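Under our numbering, the sequence shown has 321 at position 314, and the numbering climbs by one with no breaks.
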Amino acid sequence: MTERQREMTEKFAPTDVVIAKRDGHELTDDQIDWVVDAYTRGVVAPEQMSALAMAILLNGMNRRETARWTAAMIATGERMDFSSLSRPTADKHSTGGVGDKITLPLAPLVAACGVAVPQLSGRGLGHTGGTLDKLEAIPGWRAALSNDEIMTQLEDLGAVICAAGSGLAPADKKLYALRDVTGTVEAIPLIASSIMSKKIAEGTGALVLDVKVGSGAFMKNERDARELAETMVALGTDAGVRTVALLTDMSVPLGLTAGNALEVRESVEVLAGGGPADVVELTVALAREMLAGAGVTDVDPAEALADGRAMDAWKAMIRAQDGDPDAPLPTARETEVVTADADGVLTSLDAYAVGVAAWRLGAGRSRPGESVQAGAGVELHAKPGDTVRAGQPLLTLHTDTPERFERAHQALEGGWSIGETAAETTPLVIDRIG
Ligand code: URA
Numbered sequence: 008m009t010e011r012q013r014e015m016t017e018k019f020a021p022t023d024v025v026i027a028k029r030d031g032h033e034l035t036d037d038q039i040d041w042v043v044d045a046y047t048r049g050v051v052a053p054e055q056m057s058a059l060a061m062a063i064l065l066n067g068m069n070r071r072e073t074a075r076w077t078a079a080m081i082a083t084g085e086r087m088d089f090s091s092l093s094r095p096t097a098d099k100h101s102t103g104g105v106g107d108k109i110t111l112p113l114a115p116l117v118a119a120c121g122v123a124v125p126q127l128s129g130r131g132l133g134h135t136g137g138t139l140d141k142l143e144a145i146p147g148w149r150a151a152l153s154n155d156e157i158m159t160q161l162e163d164l165g166a167v168i169c170a171a172g173s174g175l176a177p178a179d180k181k182l183y184a185l186r187d188v189t190g191t192v193e194a195i196p197l198i199a200s201s202i203m204s205k206k207i208a209e210g211t212g213a214l215v216l217d218v219k220v221g222s223g224a225f226m227k228n229e230r231d232a233r234e235l236a237e238t239m240v241a242l243g244t245d246a247g248v249r250t251v252a253l254l255t256d257m258s259v260p261l262g263l264t265a266g267n268a269l270e271v272r273e274s275v276e277v278l279a280g281g282g283p284a285d286v287v288e289l290t291v292a293l294a295r296e297m298l299a300g301a302g303v304t305d306v307d308p309a310e311a312l313a314d315g316r317a318m319d320a321w322k323a324m325i326r327a328q329d330g331d332p333d334a335p336l337p338t339a340r341e342t343e344v345v346t347a348d349a350d351g352v353l354t355s356l357d358a359y360a361v362g363v364a365a366w367r368l369g370a371g372r373s374r375p376g377e378s379v380q381a382g383a384g385v386e387l388h389a390k391p392g393d394t395v396r397a398g399q400p401l402l403t404l405h406t407d408t409p410e411r412f413e414r415a416h417q418a419l420e421g422g423w424s425i426g427e428t429a430a431e432t433t434p435l436v437i438d439r440i441g
């Protein structure tokens with residue numbers, strides 16, 4: 008069949024769908040089903056899908072269109088089914104932030120409370136870290152598991168954190184890569200359908216969304232974050248997944264570390280009953296929501312964290328994926344310290360600046376497939392509200408490649424300030440939606 012004949016057998020012409028959205032019309036269910044599928048098959052060209060993504064960014068999609076788009080993306084791949092497990096399932100998704108290592112203590116904590124957690128995760132791109140990159144800092148740990156291994160580990164241990172296979176919503180993989188290079192990542196219906204297509208296809212029974220707000224997040228203001236959260240909660244609920252969202256602050260990094268091995272170390276401190284208060288607070292708040300979504304209301308996750316049950320589940324989970332939870336974590340070859348330039352109170356420490364610095368030090372990647380440095384990142388010695396003295400260390404920068412220090416220092420310029428009195432702090436959990 009010639010290219011022309013093949014085009015004639017297609018239900019729509021790609022440009023008609025682009026023009027409909029460009030002119031502010033609603034797309035029909037048939038148009039959406041076709042365009043998502045045809046793009047995945049390679050019939051709709053990348054330049055045509057780019058134009059459509061931009062038209063969606065500018066003109067939006069309503070709830071029906073977004074739900075249909077999500078369903079069309081799910082239909083391009085496989086769906087997992089955990090209904091044969093002996094315990095209920097719950098998962099968490101964070102929209103991404105700086106120092107956001109919560110998945111690491113959270114998955115074993117929830118498993119220790121009797122609910123199975125199928126965390127199919129991704130790698131970091133840009134200034135936000137990826138869960139798999141963090142766990143790969145643990146000697147021997149393996150991200151790739153077969154579907155059978157996932158099921159066995161969930162049944163036996165209750166928690167799996169592994170790479171999401173390419174079989175789940177392949178349309179999203181292709182579309183996300185295109186959005187990344189066409190300035191169309193920020194379209195709320197496209198973010199919501201991208202996240203939710205993968206989570207619904209994954210087959211979790213309950214889902215808790217951690218929607219980040221602030222400089223270190225995708226959503227810089229509360230209005231957009233709220234709209235994203237409401238859109239995702241509606242998509243999950245309509246698809247039969249018990250879904251709630253917490254809006255949480257990402258103007259300051261979470262905890263005291265950003266970078267792969269540094270964040271694993273901090274997560275282990277939390278699992279050992281210590282660790283920074285904000286990481287503990289968010290881990291327990293998300294665990295409560297996951298347990299409630301799975302129908303478990305008689306177990307207190309704070310106790311399971313404090314008494315070592317979550318740590319036991321962590322060690323078992325890491326060992327099951329060939330990691331050694333007791334092996335020393337890698338450290339960077341070089342460090343440099345940033346010191347306070349005055350006496351006073353640290354009034355701000357910008358999450359985005361710290362995220363970019365960690366990324367430039369080698370903790371993240373600029374292109375898919377690049378390798379990351381396990382030991383690279385930023386360690387914080389003070390958080391906003393803390394009293395500091397001139398000359399005191401504020402941050403330690405870690406890298407294997409000292410030529411990276413200069414650009415990390417540049418990223419941090421203007422990223423923190425010292426004043427006379429503490430600024431008002433935003434609560435960590437801003438709101439709950441669902
Ligand atoms: N994460 C996703 O998986 N998709 C988006 O579009 C944005 C963040």
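Think of the CB as a built atom: it goes at the ideal place given N, C-alpha and C, for glycine as much as any other residue.
Since this is a predicted model, take the numbers as computed values, not measurements.
Pairing residue 92 with residue 385, the inter-Cα distance amounts to about 40 Å.
The three-state reading of DSSP puts residue 76 in helix, counting H, G and I together. The continuous stretches of alpha helix (DSSP H) do not include residue 342, which lies in the beta strand (DSSP E) extending over residues 341-346. Excluding its 5 nearest sequence neighbours in each direction, residue 123 has C-beta neighbours in its own chain below 6 Å: 92, 94, 96, 161, 165, listed in chain order. Per DSSP, the beta-bridge partners of residue 384 are 405. Only exposed fits residue 173, as fewer than 16 other CB atoms lie within 10 angstroms of its CB. For residue 197, the shortest C-beta to heavy atom distance toward ligand 1 is below 7 Å. The beta carbon of residue 60 lies closer than 6 Å to those of 186, 191 in the same chain, with the five residues before and after it left out. A distance criterion of 7 Å places the beta-carbon of residue 46 beyond contact range of ligand 1, judged by its closest non-hydrogen atom. Minimum Cα-Cα distance from residue 44 among the listed residues 393, 65, 18, 27 corresponds to 18. Residue 85 holds the alpha-carbon nearest to the alpha-carbon of residue 179 among 216, 85, 154. Contact between residue 206 and residue 255 does not hold, since the beta-carbon distance rounds to 18 Å and is not under 8 Å. For residue 262, the distance from the CB to the nearest heavy atom of ligand 1 is not below 7 Å. Judged by DSSP in its simplified three-state form, residue 353 adopts strand. If you check the CB distance, residue 379 and residue 134 do not come in under 8 Å. Apart from sequence neighbours up to five positions away, the residues of its chain that approach residue 57 with a beta-carbon distance below 8 Å are 185, 189, 191, ordered along the chain.
Under DSSP, residue 298 shares a beta bridge with no residue. Short of 6 Å from the beta carbon of residue 365, and not among the five residues preceding or following it, lie these beta carbons of its own chain, in chain order: 265, 266, 384, 385. In chain order, 89, 96, 97, 98, 125, 248 place their CB closer than 8 Å to the CB of residue 211, counting only its own chain and leaving out the 5 sequence neighbours on each side. Taking residue 429 as the centre and dropping the five residues before and after it, the same chain places the C-beta of 352, 392 closer than 6 Å to its C-beta, in chain order.
For residue 52, DSSP records no beta bridge to any residue. In this structure, DSSP gives residue 219 an extended state, which the three-state scheme calls strand. Contact check for residue 213 and residue 81: beta-carbon distance about 18 Å, past the 8 Å limit, so the pair fails to qualify. Restricting attention to 301, 334, 291, 311, the CA atom closest to the CA of residue 435 is found in 291. In the three-state reduction of the DSSP assignment, residue 256 falls in the strand class, which pools E and B.
With three or more CB-CB distances shorter than 8 Å, the region 136-145 counts as touching the region 324-338. When distances are taken from the beta-carbon of residue 201 to the heavy atoms of ligand 1, the shortest one is below 7 Å.
Secondary structure at residue 426: strand, using DSSP grouped into helix, strand and coil. For residue 394, the shortest C-beta to heavy atom distance toward ligand 1 is 7 Å or greater. Using a Cβ distance threshold of 8 Å, residue 322 and residue 332 count as a contacting pair. Its chain contains 34, 59, 62, 63, 66 as the residues whose beta carbon lies nearer than 7 Å to that of residue 28, once the 5 sequence neighbours on both sides are disregarded; these appear in chain order.
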